[in-house]
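Per UniProt numbering, the sequence shown runs over residues 1 to 220. Structure, as structure tokens:
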Amino acid sequence: MNTSVKPRNRILIIDDNSINLDLLSELLDYAGFEVWTALNGQTGLEIISQKIPDLILLDIMLSDWDGFEICAYLKADPTYAQIPIIFITALSQSQEKVKGLKLGAVDYITKPFDQSEIIARINLHLKLHSLNTQLKHEIHQKKQVEQSLYQLNLELEQRVEERTAQLQITLEELQEAQKNLLDREQQLHYKAYHDPLTELPNRSLCLNQLKTLIEQTKSD
């Protein structure tokens with residue numbers, strides 16, 4: 001029986017309003033999340049540098065950092081760029097929302113907020129982030145397999161070329177040996193029927209030719 005407990009998703013809340021911070025912290029803790037909190041941007045960044053959250057709830061109007069600045073800072077660093085960021089703000093202007101989304105935020109929650117909506121949005125973006133991470137992992141694995149197959153094909157082609165070259169050399173050697181054998185046979189045949197000093201036809205050649213002529217005459 002598997003008794004392992006699934007790790008809780010870690011949510012970092014960065015908000016300089018302690019009332020909102022406590023409210024969100026209690027809400028998310030009750031919903032089953034592991035909650036980290038920061039009352040200003042600097043503290044939030046220090047927490048992120050030590051332990052990476054699964055999602056960040058980020059207030060735009062902070063006492064030190066601008067929420068947009070924090071978002072841009074995190075998205076510029078490959079270590080933190082993939083962390084989903086949801087802005088929590090009292091701003092309702094569409095241009096502000098567009099600005100945040102362009103910087104890389106995944107969503108907005110406007111104050112005063114609905115508790116069930118916050119949980120739903122957090123779960124949605126955690127699921128999307130998980131699927132996106134899984135997809136990237138599968139793509140990476142696919143590329144590794146393709147690279148391995150490509151390398152294997154190169155090695156096979158090289159082996160085929162080497163084997164073909166070896167067979168070609170062997171064939172040429174056999175052809176050369178056959179040629180030498182034929183030349184040797186011709187030389188032996190020539191020596192058998194020619195005088196070694198004068199290189200004129202010897203008695204054996206004359207007898208063979210005479211025998212052949214007699215046989216032809218008989219057949220006629």
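C-beta atoms are modelled at their ideal positions from N, C-alpha and C, and glycine is treated no differently.
8 Å Cβ cutoff met for residue i and residue j
i: D64; j: N9; result: no
i: Y80; j: I122; result: no
i: residue 223; j: L27; result: Residue 223 cannot be examined here, being either before or after the span of the chain that is shown, 1 to 220.
i: D59; j: I14; result: yes
i: G104; j: I70; result: no
i: K75; j: A90; result: no
i: G100; j: F68; result: yes
i: L23; j: L57; result: no
Beta-carbon contacts of residue i that lie in its chain and below 8 Å, excluding the five residues immediately before and after
i: M1; result: Bear in mind that a pLDDT of 47 at M1, under 50, signals an unreliable position, so the model cannot answer this.
i: F33; result: R8, N9, R10, I11 and I122
i: F113; result: I88
Residue i (DSSP reduced to helix, strand or coil)
i: Y108; result: strand
i: R8; result: coil
i: D77; result: coil
i: A38; result: strand
i: D60; result: The residue you asked about is not Asp; residue 60 is Ile in the sequence shown. Coil.
i: T89; result: strand
i: D29; result: helix
i: N17; result: coil
i: T164; result: helix
i: Q82; result: coil
i: M1; result: The predicted model places M1 with a pLDDT of 47, which falls under 50 and marks its position as unreliable, so this point remains unresolved.
i: T212; result: helix
i: D22; result: helix
i: D183; result: helix
i: T43; result: helix
i: T133; result: helix
i: T170; result: helix
i: T217; result: helix
Contacting residues, own chain, Cβ-Cβ under 7 Å from residue i (five flanking each side not counted)
i: V106; result: P84, I85, I86 and H125
i: L39; result: D16, S18 and L21
i: A31; result: I119
Per DSSP, cross-strand counterpart(s) of residue i
i: L55; result: I11
i: D66; result: M61
Own chain, CB closer than 6 Å to residue i, minus 5 neighbours either side, in chain order
i: K97; result: Y108
i: E215; result: none
i: A72; result: L103
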